[in-house]
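Residue numbers (my numbering): 4 to 990. Just so you know, even glycine gets a beta-carbon here, dropped at the ideal spot from N, CA and C. Structure first, commentary second.
Shown next as structure tokens:
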């Protein structure tokens, strides 16, 4: 007859200890390795394999550790937890250490039966992390069974990488380039979204009616929408627009009131109130019409809307937030500000002559076409803009445009001409996608004359390449040299692909020919444009960083088009931005700068240089009316306020119109007298100021108030008690690596470690986490306090893979007295110290809890672990128990003298023999922990009674005593003979 094992009990099988999980049956045990993760779960048939009841053996009194042993073992144990008992099921298993402010959206989500949230935190605060936390937690709790992320195709692979690396969520990419391969593996009648529970989908691919209907029918129960502002349309938007198609998709997804929906955007309000209301209506239909001027309306919105700027979270959980002290204060190292510098250049005589002739030609064409009809007039207009923008960009972009047929030339109507040409020549903030928008636009409209005047102008443009006649390039070289000399690694943003390729060719060092670029031999230059796929772009950036290497004198320069201005995070490799081409919508500048000015940027100040032409007739006014105004509003409010596209287009159209009408007289001193330009400028000024005031008011009205900082502080305290804090991890990593033979350099909070001298088992464990090449070449591993690290670095947080591998090695070595190599942690120790006045025993106890967690998909039965320190004075029979705070303080106790090893072993033998006397106290303490955990679960879900009905937490008995450490007062302990001191007993 087979033995029955209760849920949560310990069993021994296959040479190791396991925890019995709730899914087990008498003839089939579902087991998780003790201290392991859900990835290690196994099924065992007791009828065919030997399974025995296991008890955790007490420590061996002869295997004594030093004063560091207890702290190292506790941290190693807690780092290994992947199934914490607290209300946040996922935090123990994710590879990211969230900031306290990033827990606010998660707390808001857990108070809703069906999660409906609009996360509108400022650029660079970490909205992806916040959305990922919600997804990870809902999946871990069983509140969601599948996940769909809707995003731009350019960001799909980044989302995939973030979810996999940080949250352990493997999601399939559903893009136009992958769908055929995925569909080939489907069964007859099976939907793609049934086969793959977690998917990342191109919004532009899925919005078409052909794909939309299948997605809506089989949509997962959790949907995250990135850049959600691009998925709503104002009421006056054409029903055939791309935004309208996306909106129709999301409207149908949101119709299912039981579906979790998280919308993410830094710009919820584009200046059009109806679009903002439509966005709110996706969250909850009633929010589309609720009065946001009333207190009740704002309270209703506050349950579903969070919008914070950096100043709100730069310092968090302080006395200014209403807390009693700053003990939990968290300071997030955003760059303090952007340093702006506008640098000018003048055209060379040859370039000036080319531009004047081009303006004269464009003016003639526009005037001539105006008499031929509206279609012809719009084609000529767009060709003129393309010509002027490319000429101002670079000689190569100009030559390409002059030789390329205009996209508008094939239009059959004026409306079609606008639709075809506008995306390539304007910089609308709400362009459907940045993909393909960096192509050089065409200006040729006469397909019958290949040697037209445009061809002659193209030949002249091609001869202007190089810093001798292209003084804009010469200015760039000057400013890049200054940035590089100051230790910066800049990104240079261009409007067009030919310009980016031209700059890279002019600046890079050519290894094949031996030509040295103007920026020095140790400067690596590469270009990233829309000619590369999103994944190739990331690979080229990584290659650029790798080629520059760790040489302190090496510098990186990335030349990029706006294909990198959204979504891609570049703060780890770059810290300055150069706007080589002015965007005609200032939002684009903010997007470019936001790639490096974000959380994880190590420089306190990001440099921004804007290069503009002093005499080309365009740049100066765009800079003054649009770019500088945008900067000032952002400086005043602390956030970016978008300008409606039609207003910025009105300004740039007026500039172009004036240039064309004045021909050669189109200089900037006469430009300011344009009545049309003055009208457009005044309109922008008025409307933008109104938008800024509206945004300022809304930020005050809609400030996040549904979760008070005290509530966040309480949960942060609970999390740190269970999982540990950053200071504990730093100490653990330093002390463990030093004990294991690593070479550490750096006395501050951050340091490097070479692990070539550590045990082979540790090196093998570290290789997958940090990179095999780092281990094989014994390269120093930088350990950073900032969780935002790049490959080849490690973060001093418990969820970092390197820290996890180190903790597993330390824990396994502590549990196995025969493990080869150094063993920093031990299960027992005797320390003589001035920190105690009487004999004090510290216990490291592992508790297991059986939790019943209700969800809308049914109750979940899980087993979770927790580690606690308990300490008592005197003997176990007459123990005087200390507070948890006093027990934790013993970890910092230092040995005052060495303890005689024989005396230490006898002392430990006596203490271990008396240990059964404390079992009753350990059991009572376990019940108290279970009660506290039950209250914590209910508190987090307080807003929904249905979510907590049936919740229970039960402590599994007996608890495991993992470590026993005795602290003796100095006067009561015989000192060890100098020659007889056992290494590590109490030194």
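**Message:** So for residue 135, helix, strand or coil by DSSP?
**Reply:** helix
**Asked** Are any of the Cβ atoms in chain C nearer than 8 Å to that of residue 954?
**Response** Absent here is chain C; the protein component of the structure consists of one chain.
**Asked** What's the gap between the Cα of residue 160 and the Cα of residue 132?
**Response** 16 Å
**Message:** Please tell me whether residue 460 and residue 662 are closer than 8 Å, where the distance is taken between their beta carbons.
**Reply:** no
**Prompt:** Using a Cβ-Cβ cut-off of 7 Å (strictly less than) and excluding sequence neighbours within five positions of residue 183, which residues of its own chain qualify?
**Reply:** none
**Prompt:** The beta strand (DSSP E) with residue 21 in it runs from where to where?
**Reply:** 19-23
**Asked** Among the residues of its own chain, which have a CB less than 7 Å from the CB of residue 47, if the five just before and after it don't count?
**Response** 16, 32, 34 and 54
**Item:** Continuous alpha helix (DSSP H) stretch holding residue 971: start and end
**Value:** Counting along the chain, residue 971 falls outside any alpha helix (DSSP H), though it belongs to the beta strand (DSSP E) covering 955-972.
**Asked** Could you check where the beta strand (DSSP E) with residue 582 kicks off and where it finishes?
**Response** 579-582
**Prompt:** How would you label residue 51, buried or exposed, when you count the other beta carbons within 10 angstroms and need 16 or more for buried?
**Reply:** exposed
**Message:** If distances are taken between C-alpha atoms only, which option among 123, 493 and 936 comes closest to residue 957?
**Reply:** 936
**Prompt:** Are residue 963 and residue 839 close, meaning C-beta to C-beta below 8 Å?
**Reply:** no
**Prompt:** Which runs of the alpha helix (DSSP H) spanning at least 4 residues fall entirely within the segment 581-614, listed in chain order?
**Reply:** 589-597
**Message:** How far does the alpha helix (DSSP H) with residue 373 in it extend, from its first residue to its last?
**Reply:** 352-373
**Asked** Between which two residues does the beta strand (DSSP E) carrying residue 15 extend?
**Response** 13-16
**Request:** Quick one: residues in its chain with C-beta nearer than 8 Å to the C-beta of residue 434, no 5 flanking neighbours on either side, listed in chain order?
**Result:** Note that residue 434 has pLDDT 48, beneath the 50 cutoff, so the model's placement of it is unreliable and the number below is only indicative. Excluding positions up to five away in sequence, the list reads 426 and 440.
**Prompt:** Under 8 Å between the Cβ atoms of residue 813 and residue 828?
**Reply:** yes
**Request:** Quick one: grab the DSSP three-state call for residue 234.
**Result:** helix
**Prompt:** Exposed or buried, which one is residue 130 when buried takes at least 16 other CB atoms within 10 Å?
**Reply:** buried
**Request:** Quick one: grab the DSSP three-state call for residue 833.
**Result:** strand
**Prompt:** According to DSSP, which residues form a beta bridge with residue 513?
**Reply:** 518
**Asked** Any chance the segment 327-343 sits against the segment 144-162, with 3 or more Cβ pairs inside 8 Å?
**Response** no
**Prompt:** Looking only at its own chain, which residues have a Cβ that is under 7 Å from the Cβ of residue 773, when we skip the five neighbours before and after it?
**Reply:** 784, 795, 797 and 805
**Prompt:** Sorted by chain position, which residues of the same chain lie with C-beta nearer than 6 Å to residue 262's C-beta, five sequence neighbours on each side aside?
**Reply:** 224
**Asked** Taking the alpha carbon of residue 764 as the point to measure from, which residue in 744, 617 and 526 has its own alpha carbon closest?
**Response** 744
**Asked** Is residue 9 near the ligand SAM, judged by its Cβ being under 7 Å from some heavy atom?
**Response** In the structure shown, the ligand SAM is absent, as is every other ligand, since no ligand is present at all.
**Request:** Label residue 220 either buried or exposed according to how many other C-beta atoms from any shown protein chain fall within 10 Å of its C-beta, with 16 as the threshold for buried.
**Result:** exposed
**Request:** Let me know the secondary structure DSSP gives residue 501 once reduced to three states.
**Result:** helix
**Asked** Out of curiosity, what's the CA-to-CA distance linking residue 200 and residue 172?
**Response** 10 Å
**Request:** Mind listing, in chain order, the continuous alpha helix (DSSP H) runs of no fewer than 4 residues lying wholly within the segment 241-290?
**Result:** 245-257 and 276-286
**Request:** Could you tell me if residue 64 is buried or exposed, where buried requires 16 or more neighbouring beta carbons within 10 angstroms of its beta carbon?
**Result:** buried
**residue 1001 versus residue 720: straight-line alpha-carbon distance, rounded** = This structure does not reach residue 1001, given that the chain is present from 4 up to 990, and the question cannot be answered.
**Request:** Please name the residue, chosen from 313, 834, 943 and 916, that lies closest to residue 61 on a Cα-to-Cα basis.
**Result:** 916
**Message:** Please report the straight-line C-alpha distance between residue 891 and residue 9, rounded to a whole angstrom.
**Reply:** 33 Å
**Request:** Identify whether residue 343 lies in helix, strand or coil by the three-state DSSP scheme.
**Result:** strand
**Item:** Straight-line Cα distance separating residue 145 from residue 105
**Value:** 22 Å
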